[in-house]
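Residue numbers (the working numbering): 100 to 399. Built from N, CA and C at the ideal position, the CB exists for glycine as well.
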């Protein structure tokens, strides 16, 4: 129950941050082009910092086992998420993308740090990595309608891919980094929640806040993303021994997060229907104030 209450409090903080972004846009201090720039900063700078920072832990047998187990669980949950989204949204690629991919990097990390420990972020490093891999490949092809072979060259140049490789190498080799570098990574990771929620607020300011609540498809996407997939994740995590309780909770929080703001960022970058994507992000984020604590309470 304490974790659920902490999550409620942290969600409130996230919405205060979103409110700042909302007011900045309404006051014309940030333009649509400016929001696109923030999106680029998040994808190309902040997210890699979050991923690498998540791997900055001591290499122990327990951490190695946890990394492998968390990677396996992440794969299973993400495959289930994609299958469920395809089942419910065959003719709506934006909704399918939204339902399939949560927001563990920009939304989940602050919640996990607040409700568990900063070290628990390590347990979702693989989740964030695989999710971004699937977004960068399957997700973008789904959203743009361009089905085809994955461009390996583009994939290996992707910021999330490079950061995963760097993070793994640092974890496996335990190569010591200058304090200036580790502090820089910490500062970048610290930008994650404020910038991501500023962006959500900016998107909110550009949407019809009344009209979006009249779209039934958005409610269905939220139901799949916030309720169905997290409940299935609970079942996946049930067989995992209790000694990995912190890891189980971290992965569950990651899978229960609202629609990833990446969908709006990618939609804007690829000149797709990003207002619709934004509406799903906003509504799911609002509902997640209730659903995430409830899912955790059920799991506990």
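{"Asked": "Segment contact flag, the stretch 284–298 with the stretch 159–172, C-beta cutoff 8 Å, min 3 pairs", "Found": "no"}
{"Asked": "Alpha helix (DSSP H) segment containing residue 132, residue limits", "Found": "131–140"}
{"Asked": "Residue environment, residue 340, which counts as buried when at least 16 other CB atoms sit within 10 Å", "Found": "exposed"}
{"Asked": "Local Cβ density within 10 Å of residue 398, reported as buried at 16 or more and exposed below that", "Found": "buried"}
{"Asked": "Residues near residue 332 by beta carbon distance below 8 Å, same chain, minus five either side", "Found": "176, 179, 350, 351, 354, 355"}
{"Asked": "Contact belief for residue 208 with residue 149 at Cβ below 8 Å, rounded distance in angstroms", "Found": "6 Å"}
{"Asked": "Alpha-carbon spacing of residue 363 relative to residue 337, whole angstroms", "Found": "33 Å"}
{"Asked": "Under the three-state DSSP convention, the category residue 358 falls into", "Found": "strand"}
{"Asked": "Cross-strand partners of residue 201 (DSSP beta bridge)", "Found": "358"}
{"Asked": "Start-to-end residues for the alpha helix (DSSP H) that takes in residue 279", "Found": "278–289"}
{"Asked": "Helix, strand or coil at residue 403 [DSSP, three-state]", "Found": "Look at the range of the chain in this structure, 100 to 399, and you will see that residue 403 is not part of it."}
{"Asked": "Expected contact under 8 Å - CB spacing of residue 377 and residue 287 to nearest Å", "Found": "In fact, because the Cβ distance is near 25 Å, the residues do not count as touching under 8 Å."}
{"Asked": "Any 3 or more C-beta pairs closer than 8 Å across the stretch 213–223 and the stretch 368–376", "Found": "no"}
{"Asked": "Contact belief for residue 147 with residue 226 at Cβ below 8 Å, rounded distance in angstroms", "Found": "About 16 Å separates the two Cβ atoms, so there is no contact after all."}
{"Asked": "Where the alpha helix (DSSP H) containing residue 396 begins and where it ends", "Found": "373–398"}
{"Asked": "Residue 101: first and last residue of the uninterrupted alpha helix (DSSP H) it sits in", "Found": "101–125"}
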